[in-house]
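Some notes on the structure that comes next.
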Amino acid sequence: MRSHSLLILLCLVVPATVFFSDAVFSKAEYRQAASDTRVIFISVDGLRPDAITTHGPEDVPNFYRLRNEGAFTDNARSAVNYTITLPNHTGMVTSRLVAGENGHGWTINHDPPIGMTLHKNKGGYIPSMFSVAHDHGLRTGMFVSKTKFSLFENSWGEKHGAPDLVGPDNGRNKIDRYEMKRTSELVIDKLERVMKKETFDLLMVHIRNPDTAGHVQGWRTTKPSLYMNSVKKADELLGDIFEKIDKSPDWSGKTYIVLTADHGGLTGAKQHNLNEQRENYTIPFYVWGPGVSPGSDLYALNPGSRQNPGELNPVLTNDGTQPIRNADAGNLCLDLLGLPAIPGSTVNSNLDLKVGR
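So for the sequence shown, our numbering puts the first residue at 3; every next one is plus one.
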């Protein structure tokens, strides 16, 4: 592994060749994944970073384990001009922003129309981190708690996933196991049971509690509040994941966690769609695992490729001064696995987000 890793109405009828033409690697680009390495990507929906620091380590010890044992920032950013769930999660797993020729193009935030995929919406195939990992022979999974994530199952399932032209043929279904439960508690319960029998090389887990609480009572970061209690619950669920990692020889010592959020939320509001509001677009970004620089600031580790944006959410530029974004996650997960970047991606496409010294 490289040193820094250490170790969405109408469906247009477009020929399949258009959808698949830019989705694959050549045979020469096949790369063996890092042996015996696993990555769990966790999205905590609606998590404000100041909720963690307001709680402190006694209230949210598992988030603080990420902070103390891993590299992190409390000043990462959502997508430019979008602080809603589905566009941001699409960015996370494709490492693209939303708008523009190279954006993923998904802007709605509800369940997709029947038969709709990212590819139909865009007019061209949009690969993901699952595409790359699966095509390289790795096992993938997605455990989520909102029905709108069916967009991903539809887009990268057996029917609409691209043919695998990378090394051995691992098929079109890029997500080996997809589970959707109505609550995060049910998601983690299912995950714990599955992890007793199955392993994954790349696993995505979605925890919705903070977002649900924020929509009910607002993103109030004073204690006690429904929102702050939900963050404590998210910490407990994170602890359940840690416990499975620590106690399993299939996971212990070989697993990375990449954790971020899709958006934050305004203290006095029950929505988060005002994309110019700092509390909406400011999110955490944590990386934990073997070789990750403990207790380090991600901006300090990446002075040449990322710039702390202060209170702003700058538009996309090409001068290397972008902040760390949630869309960094997809390509970072692949980098930790020793795999190449997602084809067509624009965020962290050079695999230059360093997490270790």
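Ideal Cβ positions, reconstructed from N, Cα and C, are used throughout, including at glycine. Everything numeric in this text was worked out from a predicted model, so none of it was measured.
| query | For the candidate residues Asp52, Leu167, Tyr84 and Asp242, whose alpha-carbon lies nearest to that of Ile209? | reply | Asp242
| query | What residue does the beta strand (DSSP E) around Gly143 start on, and which one ends it? | reply | Thr142 to Val146
| query | How is the beta strand (DSSP E) around His208 delimited, first residue to last? | reply | Leu204 to Ile209
| task | Out of Lys176, Asn211 and Lys198, point me to the one whose CA is closest to Arg184's CA. | result | Asn211
| query | What separation, rounded to the nearest whole angstrom, lies between the Cα atoms of Val26 and Asp137? | reply | Here Val26 scores only 42 on pLDDT, less than 50, and its place in the model is too uncertain to base an answer on.
| Span separating the alpha-carbon of Leu341 from that of Arg308 | 21 Å
| contact_flag[the region 106–120, the region 168–179] where n(CB pairs < 8 Å) is 3 or more | no
| message | What does the Cβ neighbour count give for Lys246, buried or exposed, with the cut at 16 atoms within 10 Å? | response | buried
| Can you list, in chain order, the residues of its chain whose CB lies under 7 Å from that of Asn90, leaving out five sequence neighbours each side? | Ser80, Ala81, Tyr84, Asp264, His265 and Asn328
| said: Could you check whether Ser130 and Trp158 sit closer than 8 Å to each other, using their CB atoms as the reference points? | reply: yes
| task | Name the residue from Phe74, Ala53 and Ser133 whose alpha carbon lies nearest to the alpha carbon of Val289. | result | Phe74
| task | Going by CA-CA distance only, name the one from Ile116, Leu339 and Asp330 that's closest to Asn350. | result | Asp330
| query | Roughly how many whole angstroms lie between the Cα atoms of Phe59 and Phe132? | reply | Sequence inspection shows Pro at residue 59; the Phe mentioned does not correspond to that position. Their Cα atoms are separated by approximately 33 Å.
| Cα-Cα separation, Asp354 to Gly293 | 16 Å
| field | the region 199–207 touching the region 40–51, judged by at least three CB pairs closer than 8 Å | value | yes
| Per DSSP, the bridge partner or partners of Arg327 | Arg79
| query | What is the C-beta distance between Met182 and Val233, in whole angstroms, given that I count them as a contact (C-beta under 8 Å)? | reply | Contact flag wrong, Cβ pair sits at about 23 Å.
| request: Taking Tyr258 as part of the beta strand (DSSP E), name the residues at either end of that continuous run. | output: Thr257 to Thr262
| message | So, under 8 Å CB-CB, Gly297 and Asn70 are touching, yes? Tell me the CB distance rounded to an integer number of Å. | response | 6 Å
| Whole-number beta carbon distance between Leu120 and Leu153, since they are thought to touch under 8 Å | 7 Å
| So, is Ser254 buried or exposed, given that buried needs 16 or more other C-beta atoms within 10 angstroms? | exposed
| task | Pick helix, strand or coil for Glu103, following the three-state DSSP scheme. | result | coil
| field | Alpha carbon of Leu188 to alpha carbon of Asp248, nearest angstrom | value | 21 Å
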